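Protein chains in written order, with our numbering: chain A, 1 to 357; chain B, 1 to 83. Just below is one structure, and these are the notes that go with it.
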């Protein structure tokens with residue numbers, strides 16, 4: 001079974017369930033012959049339309065997709081706006097009826113979408129338990145034996161489960177008890193959804209209210225552009241190797257320059273320093289009307305690694321340098337010293353033992 | 001006798017076009033300023049069907065409350081965490 005109506009979904013039927021099982025839950029269900037190819041193609045198109053709003057998407061099954069709007073994308077001011085825009089986009093283009101739910105976990109968002117009366121339901125912070133409490137245990141994503149035991153204990157709703165402490169549930173259900181507690185208290189899985197498509201470059205453009213010509217004005221405008229650009233890079237978990245600037249000048253000419261960074265970066269100060277240093281040697285023929293910046297050759301960015309393991313002296317110096325940063329970040333130095341480990345391994349992480357204070 | 005914590009608290013609601021306008025609970029009658037949110041829950045609790053229409057309400061006093069109407073019976077209840 002590819003998909004089902006909302007009525008069936010509320011009775012526990014889910015997509016990709018065998019027909020026999022679906023009939024068991026809902027004997028009066030009416031089957032409609034699936035056209036798999038057309039269905040898959042349409043769903044791909046729907047996902048492409050959603051990509052205009054956010055790239056952080058996780059399709060669950062045909063007809064259901066989870067979006068990550070932890071940081072509101074684009075021009076949207078609230079979760080309601082994003083959800084309404086999504087609903088409008090899909091219904092206008094594909095004439096499909098859309099239900100959107102917003103919550104702090106996948107489970108909550110999915111349930112909110114099922115319960116939405118006007119197409120969109122946002123569960124604001126603080127309302128999670130109130131919303132979840134009347135939901136029945138049939139909706140819980142747990143093993144059948146756990147659900148059966150809950151029934152034997154007379155627990156019908158998530159509210160009744162949420163009334164128990166974490167300790168009480170884990171002692172009764174083990175690891176599943178923790179999951180039950182988390183879901184019923186509205187603290188389900190919150191891992192961020194990665195980008196569904198690979199991005200090679202990102203752009204930012206700024207149209208100046210008044211043409212700018214002085215170094216100070218150019219610097220301020222560039223900083224504003226880079227702020228947005230770096231925020232997006234951080235959001236994507238990327239760093240750029242190249243930066244290209246294009247200035248649209250008042251005399252209808254263009255100035256463009258490309259920079260190759262020594263190491264991939266997502267720091268606006270570093271980019272600004274590099275651009276301003278290059279502009280020092282350039283005389284623009286006219287004030288700037290429009291500025292645009294492109295961050296290219298994007299790579300995944302997992303932070304900067306200190307070269308602590310090159311040599312013994314390098315280690316000591318590196319430790320000294322990095323300790324200030326760690327102290328600022330964690331409030332205290334999390335390492336007392338690094339001791340050489342004579343295990344003979346070639347892996348740098350195993351050659352040293354880090355001693356906590 | 002004290003009610004079970006799993007029993008919902010019955011309240012009186014005056015509705016116009018099925019939307020709550022006045023709510024009486026704890027012997028106090030309050031006028032609804034706006035319906036902040038509404039949603040519907042259709043579920044089955046151990047083979048017992050549950051159909052409820054939920055309303056997150058804001059009173060003119062500024063306080064908020066979540067109430068629901070039991071759809072087959074039409075009675076109104078105040079929502080708490082355990083029902």
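Don't be surprised by glycine CBs; every beta carbon is placed ideally from N, CA and C. A quick note: this is a predicted structure, and the numbers were derived from the prediction, not measured.
*asked:* According to DSSP, simplified to helix, strand and coil, what is residue 164 of chain A?
replied: coil
_Reference residue 30 of chain A, options A:7, A:41, A:36, A:50, closest by Cα_ = A:7
*So, residue 47 of chain A versus residue 199 of chain A, is the Cβ gap smaller than 8 Å?*
no
*Identify every residue that forms a DSSP beta bridge with residue 243 of chain A.*
A:259, A:295
_Under DSSP, the alpha helix (DSSP H) around residue 27 of chain A begins and ends at which residues?_
Run containing residue 27 of chain A: none; DSSP gives neither H nor E here.
_For residue 134 of chain A and residue 29 of chain B, believed in contact at Cβ under 8 Å, the rounded distance_ = With a Cβ gap of about 25 Å, residue 29 of chain B and residue 134 of chain A do not count as contacting.
_Through-space distance from residue 121 of chain A to residue 82 of chain B, alpha-carbon basis_ = Note that residue 82 of chain B scores 49 on pLDDT, short of 50, meaning its location in the model is unreliable; the coordinates nonetheless yield the value given after this. Between residue 82 of chain B and residue 121 of chain A, the C-alpha separation is close to 21 Å.
*Taking 8 Å as the CB-CB limit, is residue 75 of chain B close to chain A?*
no
*Counting pairs of beta carbons, one from the stretch 124 to 139 of chain A and one from the stretch 99 to 110 of chain A, are three or more of them closer than 8 Å?*
yes
*asked:* I'd like to check one pair, residue 292 of chain A with residue 246 of chain A: are the Cβ atoms closer than 8 Å?
replied: yes
*Identity of the residue in A:275, A:12, A:295, A:326 nearest residue 136 of chain A by Cα*: A:12
*According to DSSP, is residue 68 of chain A helix, strand or coil?*
coil
*In chain C, which residues lie less than 7 Å from residue 71 of chain B when you measure between Cβ atoms?*
Among the protein chains of the structure shown, namely A and B, there is no chain C.
*Which class does residue 271 of chain A belong to by DSSP, given the choice of helix, strand or coil?*
helix
*Verify whether the separation of the beta carbon atoms of residue 101 of chain A and residue 116 of chain A is less than 8 Å.*
yes
*Secondary structure at residue 55 of chain B, three-state DSSP: helix, strand or coil?*
strand
*For residue 268 of chain A, count neighbouring Cβ atoms within 10 angstroms of its own Cβ and tell me buried if that reaches 16, exposed if not.*
buried
*Residues of chain B with CB under 8 Å from residue 48 of chain A, in chain order?*
Those within 8 Å of residue 48 of chain A in chain B number zero; the least Cβ separation is about 30 Å.
*Would you list the one or two residues that DSSP bridges to residue 65 of chain B?*
B:57
*Exposure of residue 3 of chain B, with buried meaning 16 or more beta-carbon neighbours within 10 Å*: Bear in mind that a pLDDT of 49 at residue 3 of chain B, under 50, signals an unreliable position, so the model cannot answer this.
*asked:* Can you look up residue 39 of chain A in the DSSP assignment and give me helix, strand or coil?
replied: helix
*Secondary structure at residue 33 of chain A, three-state DSSP: helix, strand or coil?*
coil
*Given a limit of 9 Å on CB to CB distance, which residues of the stretch 34 to 46 of chain B reach chain A?*
36, 37, 38, 39, 40, 41, 42, 43, 44, 45, 46
*From the DSSP output, which residues share a beta bridge with residue 20 of chain B?*
B:15
*Three or more beta-carbon pairs under 8 Å between the stretch 263 to 283 of chain A and the stretch 222 to 229 of chain A, yes or no?*
yes
*Quick one, are the C-beta atoms of residue 335 of chain A and residue 355 of chain A less than 8 Å apart?*
yes
*Find the nearest neighbour of residue 204 of chain A within the set A:71, A:243, A:99, A:80, judged by alpha-carbon distance.*
A:243
*asked:* What does the alpha-carbon distance come out to for the pair residue 175 of chain A and residue 132 of chain A?
replied: 21 Å
*Report yes if the C-beta distance between residue 275 of chain A and residue 208 of chain A is below 8 Å; otherwise report no.*
no
_Per-residue contacts from residue 127 of chain A into chain B (C-beta, under 8 Å)_ = 37, 56, 66
*residue 153 of chain A: which of A:328, A:172, A:55, A:252 sits nearest, CA to CA?*
A:172
*asked:* If you reduce the DSSP assignment to three classes, tell me which class residue 77 of chain B lands in.
replied: strand
*N- and C-terminal bounds of the beta strand (DSSP E) containing residue 44 of chain B*: 28 to 45
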